[in-house]
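Have a look at the structure below before the remarks.
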Amino acid sequence: AQGANGDTILLQNRKANTTQIDLLKDGKFTFEGTVQDTLPTCYISYHFSGNGARLMSTRLLLEPGEIKVDVDNDARISGAPCNEAISTLYDSIKVFVASNNQYEKIVRSATSTDEEKKNAQAKLDELKKQYPQIIRYFVLKNSTSPVAPMLLAQFASIFDEAALKEIIAALP
64 AQGANGDTIL LQNRKANTTQ IDLLKDGKFT FEGTVQDTLP TCYISYHFSG NGARLMSTRL
124 LLEPGEIKVD VDNDARISGA PCNEAISTLY DSIKVFVASN NQYEKIVRSA TSTDEEKKNA
184 QAKLDELKKQ YPQIIRYFVL KNSTSPVAPM LLAQFASIFD EAALKEIIAA LP
């Protein structure tokens, strides 16, 4: 993490109702302990002072290893396999959302022609079909990882019955 020495870092495990606090020193902070759950989800919050003071929070999967949080890059988490996998998926989702937003602006714009709106709406319809496929592909690709069941639970509502059966069959 980047920030000023003394900035506050909080690690919250809402399921276990615990919070740990550390201060940033030389761009690093440390939380130590034994993980009791299988890949518990925590939230890491950080308050950076000085120029551009801000408070940010992001989801973090607790797993062994040195986990890096790049707060200057949309809080991208790396350095441990499950967090790497989630970050990769979220990078794909960000690209998808940016494209979606671009076409929605055209559809809503008073200055867009009917033809531009029609083309943009066609792109939106195409993207709407692609979104579940992005998630499906990712979960299948990572079916042996602990993140697969977590993502299935998170995104189950976007899948049709055939996709759900395919994903469930691929899980160990």
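Numbered by this note's numbering, the letters in the sequence shown go through residues 64 to 235 in order. Quick reminder that beta carbons are idealized off the backbone N, C-alpha and C, glycines included.
Inspect the beta-carbon positions of Arg290 and Ser155 and report whether they are closer than 7 Å. Residue 290 lies beyond the residue range present for the chain, which begins at 64 and ends at 235; the question has no answer from this structure.
Cβ pair Lys131, Ser141 closer than 7 Å: By the CB criterion at 7 Å, Lys131 and Ser141 fall inside the cutoff.
Pull up the distance between the alpha-carbon of Ile221 and that of Leu73, whole angstroms please. Rounded to whole angstroms, Ile221 to Leu73 spans 32 Å at the Cα level.
For Ser120, which of helix, strand or coil comes out of DSSP? For Ser120, the three-state secondary structure derived from DSSP is strand.
Beta-bridge pairing of Ile72 - partner residues as DSSP gives them: Paired residue(s): Asp85, Tyr109.
Should Arg199 be labelled buried (16 or more other beta-carbon atoms within 10 Å of its own) or exposed? When all chains shown are included, Arg199 counts as buried.
Does DSSP put Thr104 in a helix, a strand or coil? Per DSSP, reduced to three states, the secondary structure at Thr104 is strand.
What are the start and end residues of each continuous beta strand (DSSP E) run of 3 or more residues lying completely inside the region 172 to 233, in chain order? Qualifying beta strand (DSSP E) stretches: none in this window.
Excluding the 5 residues flanking Thr93 on each side, which residues of the same chain have their C-beta closer than 8 Å to its C-beta? Once the five neighbours on either side are set aside, the close Cβ partners of Thr93 are Asp85.
Taking the alpha carbon of Lys180 as the reference point, which residue from Ser162, Ala226, Lys168, Glu189 has its own alpha carbon closest? Distances from the CA of Lys180 to each of Ser162, Ala226, Lys168, Glu189 were compared; the closest alpha carbon is that of Lys168.
Consult DSSP for Ile140 and reduce its assignment to one of helix, strand or coil. If DSSP states are grouped into helix, strand and coil, Ile140 belongs with the strands.
Outcome for Ile230 when other beta-carbon atoms lying within 10 angstroms are tallied against a minimum of 16: Ile230 comes out buried.
Please report the Cβ distance between Cys145 and Glu126, rounded to the nearest whole angstrom; I am assuming they are in contact, meaning their Cβ atoms lie under 8 Å. The beta carbons of Cys145 and Glu126 sit about 5 Å from each other, so the pair counts as a contact at 8 Å.
N-terminal and C-terminal residue of the beta strand (DSSP E) that Lys91 is part of: Note, Lys91: premise wrong, no beta strand (DSSP E); not H, not E.
Own chain residues within Cβ distance below 6 Å of Ala143, not counting five before or after: Same-chain partners within the cutoff: Glu126, Gly128, Ile130.
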